[in-house]
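Data block below; observations after.
Chains as they are written, first to last, in the numbering used here: chain D, 314 to 574; chain L, 16 to 451.
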């Protein structure tokens, strides 16, 4: 990205409903942090700094999903302030685990958790940023991979396309030399429909992929769900497998909603 | 922040977001002369309703889900949930699994404490807006801090596949237990981390601490033989000594209008404090001799009642966590099976473990299919919120003669003493000072 007047590109980090883990990934890039801070101006990053500079910003990183009326308005303002807007993580990209409310009675949830539900204002749905404003790039993962974040920042600053693969976790598993847990153990593994990026950790730990990087490009989620049923999994189990951190991603929704008939 | 003069010479000071905390909220302080008239920690972190959607999930999915409450201390959420569910299901764990869980927690404490001490809290003491600004003048210190934090993260990743939301923790044990030689790879880095932690104690001992002491009720997990991580009774310096199953009889959560986090209080007594200060004061004897010596050399002895010194206590706990990790790696022999076989039964179980920020309580009920029917989670920050407000009521008058900018910064620093995690507690910070 060319910066005006030769100044450093300005980066801002914004938070919505989330666990803070994806923005923490920037601070977890221990070997790169000081270099990044040298190459850009971190203009707004409340988790890390008291100094909060006003926009406009060259790159806005957005963590978290929209769950309140106020946040639905705030994201509109943020979009206007950011030349490039990038969502980081499953909450911002797919609504996050808190999107499980989308199939249930949010009012009942609030009454269950809070003594005074009348003090709480929240929307009935948790929705991804792209349902509210145009997004320039969506970085997947719960949490994101910090190396992908660094690659994304470098690419955006250089004005090139980031090298972020859109193939499935299966490719990473093969590359890692992990024995297929679906074949060998009959594990319910979402690897065939989940985007790579984590390094295929779960199968290496002897368990099926639970889909925290969300749908890969063109997944056949319906077919995988049917396969789970054909191989003896219970319907509720299959629905729960698709309804975790990226539950509201339409490619995963498609699989479970059809199953529920 | 902006200062708005009004017609009658009153002043309103607003800071739109309190920085260097995890999550979002605000602080309102209303002053008249030297007197504080109102203190409100305003938590506007949107509610995520975990307890709501945990119902209906299978118990085996719970530790992965609760990890998502907090990206900074996911292991704490995994540990409190697995222990509570093991009690609900009557599961006994292998002693080697127990050791591994302590080791896992050591990694999280190192990562989280290093983050807070150097990147979130030290800049307040040294007068920097953030760690990047601090690095310009203290490059070597910050580089060492990053390396220390990285070693904590490496230990977590070694055991759980990644630093944030690791994937190995399971009810009954781990999906995969590390081999002895896997762990040995991190022995040398941990020895370096131990030295860096001792240096951290010396570094924090040299900071200037405001003269401020409070008569706290300290609450922590306590174990007869160990500095607390996963297991023990819940104790306080005012006579509480209970099993986790009795937690809700003694501690209640109040819902206040200005907060999406509940405020926990000791029933009939009021605010209390959890976290490093409480652990240190209640479990000092169980620290390693080296950690105790480091504390003594830094002039730190129990009871420490100055919340600003929590940064020093975190440094002492870094020493402990590094030593404990090294001890466990030396002793470790892999368990016969990485996790216990579980026979599903209906039941209810509660557990408390020590997150870096303090006691974290979970309770679950499961039915005979292993599905969760009830869930309750009380994070450390919601237990400390009332205490943070109480500190400000007493601390801010000491600052009354200072300019508003200074009051604001010091008030923020006093909040950051607690390393608040608002993402967790809501399950902060915007400072506003109104002064007449």
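Yeah, the Cβ is synthetic: ideal placement off N, Cα and C, and Gly gets one too.
The Cβ neighbour count for residue 178 of chain L, taken over all protein chains shown within 10 Å, is at least 16; the residue is labelled buried. A Cβ-Cβ contact shorter than 8 Å links residue 509 of chain D with residue 478 of chain D.
Using a Cβ-Cβ distance cut-off of 8 Å, the stretch 130–140 of chain L and the stretch 292–309 of chain L are not in contact, since fewer than three pairs of beta carbons, one from each stretch, lie closer than that value. The beta-bridge partner set that DSSP reports for residue 389 of chain L consists of L:380. The C-alpha of residue 102 of chain L is placed about 12 Å away from the C-alpha of residue 94 of chain L. Non-local C-beta neighbours of residue 485 of chain D in its own chain, meaning closer than 7 Å and more than five positions away in sequence, comprise 509, 512, 513, ordered along the chain. Annotated three-state conformation of residue 59 of chain L is coil, per DSSP. For the stretch 317–337 of chain D, the residues whose beta carbon sits under 9 Å from a beta carbon of chain L are, in order, 328, 329, 330, 331, 332, 333, 334, 335, 336, 337. Under a 10 Å Cβ-count criterion, residue 402 of chain L is classified as buried, with 16 or more other Cβ atoms of the shown protein chains found around its own Cβ. Looking at the DSSP output, residue 528 of chain D shares a beta bridge with D:507. The alpha carbon of residue 205 of chain L has as its nearest neighbour, out of L:89, L:340, L:69, L:331, the alpha carbon of L:340. Residue range 278–281 is occupied by the beta strand (DSSP E) that includes residue 278 of chain L. Using a Cβ-Cβ cut-off of 8 Å, residue 142 of chain L does not count as an interface residue toward chain D, since no Cβ of chain D sits closer than that to its own. In the DSSP assignment, residue 330 of chain L falls within the unbroken alpha helix (DSSP H) covering 325–346. Taking 7 Å as the cut-off between beta carbons, the residues of the stretch 121–141 of chain L near chain D are 130, 134, in sequence order. The Cβ of residue 526 of chain D sits no closer than 8 Å to any Cβ of chain L.
It is roughly 43 Å from the alpha-carbon of residue 382 of chain L to the alpha-carbon of residue 330 of chain L. For the stretch 394–413 of chain D, the set of residues with a beta-carbon nearer than 8 Å to any beta-carbon of chain L comprises 409, 410, 411, 413, in chain order. Rounded to the nearest whole angstrom, the C-alpha separation of residue 92 of chain L and residue 116 of chain L is 12 Å.
Within the stretch 425–444 of chain D, the residues whose Cβ lies closer than 7 Å to some Cβ of chain L are 425, 426, 427, 428, 429, 432, 433, 435, listed in chain order.
Contact annotation: in the stretch 346–364 of chain D, residues whose CB is within less than 7 Å of a CB in chain L are 346, 347, 350, 355, 359, 360, 361, 362, 363, 364.
In the DSSP assignment, residue 494 of chain D falls within the unbroken alpha helix (DSSP H) covering 494–498.
Listed along chain D is no residue with a C-beta nearer than 7 Å to that of residue 372 of chain L; the closest approach is about 13 Å. Remark: C-beta atoms of residue 67 of chain L and residue 426 of chain D approach each other more closely than 8 Å.
Straight through space, the alpha carbons of residue 51 of chain L and residue 41 of chain L are spaced by roughly 17 Å. By the rule that beta-carbons nearer than 8 Å mark a contact, residue 339 of chain D does not touch chain L.
Here the alpha carbons of residue 383 of chain D and residue 390 of chain D stand approximately 11 Å from one another.
Any Cβ of chain D closer than 8 Å to the Cβ of residue 119 of chain L would place that residue at the interface, and such an atom is absent.
Annotation: the stretch 186–238 of chain L contains the following complete segments of the alpha helix (DSSP H) (minimum length 4 residues), in chain order: 195–199, 202–220. Taking C-beta atoms as the reference points, residue 355 of chain D and residue 379 of chain D fail to come closer than 8 Å.
Shown here, residue 383 of chain D sits in a helix according to DSSP, grouped into three states.
With a threshold of 16 other beta carbon atoms within 10 Å, residue 164 of chain L meets it and is buried.
Taking the beta carbon of residue 168 of chain L as reference, the chain D residues within 8 Å of it are 341, 343, listed in sequence order.
In chain order, 183, 353 place their CB closer than 7 Å to the CB of residue 191 of chain L, counting only its own chain and leaving out the 5 sequence neighbours on each side. Annotation for residue 375 of chain D: 327, 400, 405, 442 place their beta carbon closer than 6 Å to its own, counting only its chain and skipping 5 residues before and after.
With contacts defined as CB atoms closer than 8 Å, residue 323 of chain L and residue 225 of chain L qualify as a contacting pair.
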